[in-house]
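Data block below; observations after.
Number of protein chains: 2
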Amino acid sequence: MNEAGLRERKKRQTREAIARAALELFAERGYDETTLADIAAAAGVSTRTIFAYFPGKEDILFCDFQALRDTLAGALSERPAGKDALGTLRDFIVSTAAAKTELDSKLARIVASDETLSSHKRARLSQLQELLAAAIADDLGSGPDDLRPQVAAASLAAAFEVLERHDRALPPPHTAEEVAAAVDPIIAFVHAGLQALPAPPRRPA
Amino acid sequence: MNEAGLRERKKRQTREAIARAALELFAERGYDETTLADIAAAAGVSTRTIFAYFPGKEDILFCDFQALRDTLAGALSERPAGKDALGTLRDFIVSTAAAKTELDSKLARIVASDETLSSHKRARLSQLQELLAAAIADDLGSGPDDLRPQVAAASLAAAFEVLERHDRALPPPHTAEEVAAAVDPIIAFVHAGLQALPAPPRRPA
DNA sequence: GCCGACGCGTGCAGTGAATGCAAATTTACT
DNA sequence: AGTAAATTTGCATTCACTGCACGCGTCGGC
Chain A
4 MNEAGLRERK KRQTREAIAR AALELFAERG YDETTLADIA AAAGVSTRTI FAYFPGKEDI
64 LFCDFQALRD TLAGALSERP AGKDALGTLR DFIVSTAAAK TELDSKLARI VASDETLSSH
124 KRARLSQLQE LLAAAIADDL GSGPDDLRPQ VAAASLAAAF EVLERHDRAL PPPHTAEEVA
184 AAVDPIIAFV HAGLQALPAP PRRPA
Chain G
4 MNEAGLRERK KRQTREAIAR AALELFAERG YDETTLADIA AAAGVSTRTI FAYFPGKEDI
64 LFCDFQALRD TLAGALSERP AGKDALGTLR DFIVSTAAAK TELDSKLARI VASDETLSSH
124 KRARLSQLQE LLAAAIADDL GSGPDDLRPQ VAAASLAAAF EVLERHDRAL PPPHTAEEVA
184 AAVDPIIAFV HAGLQALPAP PRRPA
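Heads up: the sequence lines are chains A and G, in that order.
The numbers in our numbering rise by one with no breaks, and the one at position 195 of the first sequence is 198.
The numbers in our numbering rise by one with no breaks, and the one at position 190 of the second sequence is 193.
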């Protein structure tokens, strides 16, 4: 059998029920306007049970983010020898931008409208940033004293945040070409900056 | 008299009493371990009164940040014609780094140790980022469609975050030369990236 | 100097998120 | 079945935060 016990299946089921109920309620009436009691009722569990699946309320809102992180991690670690981290990221963004649902956009707008939620999102983004920094460090073959990978990754993350804020103003249907046209200058920006950074500050011989 | 009525003086006094008490308690026993009731008791006011001066608990922790923002805003708006925004920022950072107290470092370490506080700090940082973006846009003479100022400002903010995290590992006494040596490459990084970004995406004739 | 208007501090009651604990229910294994 | 484990749940509690209303001092005009 491919499945583990009934137990695990039910757990996964409950987790998804909570997430789905919460996300729909968030999209429908807003984040602050949705209480954990509402979510629990919609998911058919008790309020207390929610905390057995998610550390807190915001973690439900951002639960899809984790999958995204794993996907990026996979793409970065399995990238072919000829492709650098920046190129891998470029393709990753273009491909994930295509798979954006209506609900995603609605939730993104909710996150953007709230100061607190925006900063929490940035915290998640910094996880991706770390992945990137590691991959770039690998490309550059730099040691722990070299700040260039971290600076480049931070710039990338920040730049894409700007890009997303800009995109939110435009109507949702984004073709792959449009996304690529927006992303490529950012990649070029960081690439140029990277080459301008002198080199590892010190290289103990 | 230079002062307004007794009323305003007392208000300022109360505000500082709250801030001082809170900051010391935070530094002494940690943020989460300090309740609003503790702060109120130490400041000699009621819990309810705190909310008359600060919107929330974190706002007390970051109250000094606002002064910093105003200082930067002043420095940017009053900069001489020959000095660009990047250079102004450079000098601003070098000079403010010198005025760092022991308590500042302690609080910075507390903020850095907590995920939630870190993201809130980043939210404040994005206020500075906006100031910078406006100043850079001014330098470049770019219109609202030009994303370069925002990208550059975001990169700067992100890069300085990396820098600060790196500095935290080292012992506190930073000379102006050391700070400058760390800051200058970042400025160069963004400067190079900025020149690589093609130009305003569209310029409607 | 007196008095009304206003602002400020405060207590009280209540909401919502989050945690610890122990009982109850469900699942797994023999 | 029957026991051991995990899962779910209710209950009590803490803490940040808000609305409301009352009291008290300050500030203005007279």
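Cβ coordinates follow ideal geometry from the N, Cα and C atoms, glycine included.
Tell me which residue opens and which closes the alpha helix (DSSP H) that arginine 82 of chain G is part of.
It is not in any alpha helix (DSSP H) - arginine 82 of chain G carries neither H nor E in the DSSP assignment.
Backbone secondary structure at phenylalanine 65 of chain G - three-state DSSP:
In the structure shown, the three-state DSSP call for phenylalanine 65 of chain G is coil.
Closer than 9 Å, Cβ to Cβ, to anything on chain G: give me those residues from the region 174–204 of chain A, in chain order.
Using a CB distance below 9 Å, the part of the region 174–204 of chain A facing chain G consists of Ala184, Ala185, Pro188, Ile189, Ala191, Phe192, Val193, His194, Ala195, Gly196, Leu197, Gln198, Ala199, Leu200, Pro201, Pro204, ordered along the chain.
Check the Cβ-Cβ distances between glutamate 11 of chain A and every residue of chain G, and say whether any is below 7 Å.
For glutamate 11 of chain A, not one C-beta of chain G is nearer than 7 Å to its own C-beta.
Tell me the DSSP secondary structure of threonine 103 of chain A in three-state form.
Checking the sequence shown, residue 103 of chain A turns out to be lysine, not threonine. In the structure shown, lysine 103 of chain A sits in coil (DSSP, three-state: anything other than H, G, I, E or B).
How many angstroms separate the CA atom of phenylalanine 65 of chain G from the CA atom of leucine 200 of chain G?
Taking the straight line joining both Cα atoms gives about 34 Å.
Give a yes or no on whether 7 Å exceeds the smallest Cβ distance from alanine 111 of chain A to chain G.
For alanine 111 of chain A, the answer is no, since every Cβ of chain G falls outside 7 Å of its Cβ.
Locate the alpha helix (DSSP H) running through tyrosine 34 of chain G, then write down its first and last residues.
For tyrosine 34 of chain G, no alpha helix (DSSP H) encloses it, and the DSSP letter there is neither H nor E.
Leaving out the 5 sequence neighbours to the left and right, which residues in its chain are closer than 8 Å to leucine 106 of chain A when beta-carbon positions are compared?
Only Leu26, Glu27, Ala30 meet the Cβ criterion.
Can you check whether the C-beta of proline 207 of chain A is within less than 7 Å of a C-beta belonging to chain G?
Legend: pLDDT at proline 207 of chain A = 47, less than 50; position of this residue unreliable, no value from coordinates given.
Partner residues on chain G for glutamine 153 of chain A, Cβ-Cβ distance less than 7 Å
In chain order: Val165.
Counting C-beta neighbours from all protein chains within 10 Å, is the total for glutamine 209 of chain G 16 or more, i.e. buried, or is it exposed?
Given that chain G is displayed from residue 4 to residue 208, the structure contains no residue 209 of chain G and the question cannot be resolved.
Please confirm whether arginine 23 of chain A has its beta-carbon closer than 7 Å to some beta-carbon of chain G.
Interface flag for arginine 23 of chain A against chain G is unset, since no Cβ pair is found closer than 7 Å.
Using a C-beta cutoff of 7 Å, does arginine 211 of chain A count as contacting chain G?
Only positions 4 to 208 of chain A appear in this structure, which leaves residue 211 of chain A out of reach.
Does any residue of chain G bring its CB to less than 7 Å from the CB of alanine 138 of chain A?
For alanine 138 of chain A, the nearest beta carbon of chain G is not closer than 7 Å to its own beta carbon.
For proline 83 of chain A, count neighbouring Cβ atoms within 10 angstroms of its own Cβ and tell me buried if that reaches 16, exposed if not.
In summary, proline 83 of chain A is exposed, with fewer than 16 beta-carbon neighbours lying within 10 Å of its beta-carbon over all protein chains present.
When burial is assigned at 16 or more other CB atoms within 10 Å of the CB, is leucine 110 of chain G buried or exposed?
Buried, by the Cβ-count rule.
With 16 other Cβ atoms within 10 Å as the buried cut-off, status of glycine 77 of chain G
With fewer than 16 Cβ atoms within 10 Å of its Cβ, glycine 77 of chain G is classed as exposed.
Which runs of the alpha helix (DSSP H), 4 residues or longer, sit entirely within the region 88–140 of chain A?
Segments of the alpha helix (DSSP H) lying fully in the region 88–140 of chain A: 88–101, 105–116.
Mind pulling the chain A residues with CB within less than 7 Å of leucine 150 of chain G?
Simply Val165, His169.
Do isoleucine 139 of chain A and alanine 88 of chain A have their beta-carbon atoms positioned less than 7 Å apart in this structure?
In contact: alanine 88 of chain A and isoleucine 139 of chain A (Cβ atoms closer than 7 Å).
How about glycine 8 of chain A: is its C-beta nearer than 7 Å to some C-beta of chain G?
Any Cβ of chain G closer than 7 Å to the Cβ of glycine 8 of chain A would place that residue at the interface, and such an atom is absent.
Can valine 193 of chain A and isoleucine 96 of chain A be called in contact, C-beta distance under 7 Å?
Taking a C-beta distance under 7 Å as the contact criterion, valine 193 of chain A and isoleucine 96 of chain A do not qualify as a contact pair.
Is it buried or exposed, glutamine 16 of chain G, if we count other Cβ atoms within 10 angstroms and call 16 or more buried?
With fewer than 16 Cβ atoms within 10 Å of its Cβ, glutamine 16 of chain G is classed as exposed.
Kindly indicate if chain G contains any beta-carbon less than 7 Å away from that of alanine 88 of chain A.
Among the CB atoms of chain G, none fall inside 7 Å of the CB of alanine 88 of chain A.
So, is serine 158 of chain G buried or exposed, given that buried needs 16 or more other C-beta atoms within 10 angstroms?
Taking a 10 Å sphere around the C-beta of serine 158 of chain G, we find 16 or more other C-beta atoms and assign the residue as buried.
What would DSSP say about threonine 50 of chain G, mapped onto helix, strand or coil?
Helix at threonine 50 of chain G.
At the level of alpha carbons, what is the spacing between alanine 160 of chain A and arginine 12 of chain G?
C-alpha separation (whole angstroms): 44 Å.
Interface partners of alanine 20 of chain G on chain A, CB under 9 Å
Within chain A, no C-beta atom comes less than 9 Å from the C-beta of alanine 20 of chain G; the nearest is roughly 27 Å away.
Residue of G/Ala155, G/Gly144, G/Arg168, G/Leu150 minimising C-alpha distance to aspartate 150 of chain A:
A quick correction: the sequence has leucine, not aspartate, at residue 150 of chain A. Of the candidates G/Ala155, G/Gly144, G/Arg168, G/Leu150, G/Arg168 places its Cα closest to the Cα of leucine 150 of chain A.
Going by DSSP, what residue range makes up the alpha helix (DSSP H) through leucine 197 of chain A?
Unbroken alpha helix (DSSP H) run through leucine 197 of chain A: 179–199.
7 Å Cβ cutoff, alanine 157 of chain A in contact with chain G
Closer than 7 Å: yes.
Residues near isoleucine 53 of chain G by beta carbon distance below 7 Å, same chain, minus five either side:
So the list reads Ile21, Leu39, Ile42, Ala43, once near-sequence residues are dropped.
Thinking C-alpha only, which one of G/Tyr34, G/Val114, G/Thr119, G/Val154 is nearest proline 188 of chain A?
When only C-alpha atoms are compared, the closest one is G/Val154.
So, are the CB atoms of arginine 72 of chain A and leucine 131 of chain A less than 7 Å apart?
One thing to note: arginine 72 of chain A has its Cβ within 7 Å of the Cβ of leucine 131 of chain A.
Starting from the Cα of aspartate 117 of chain A, find the closest Cα among A/Glu61, A/Gly146, A/Thr74 and give me that residue.
Closest by alpha carbon: A/Glu61.
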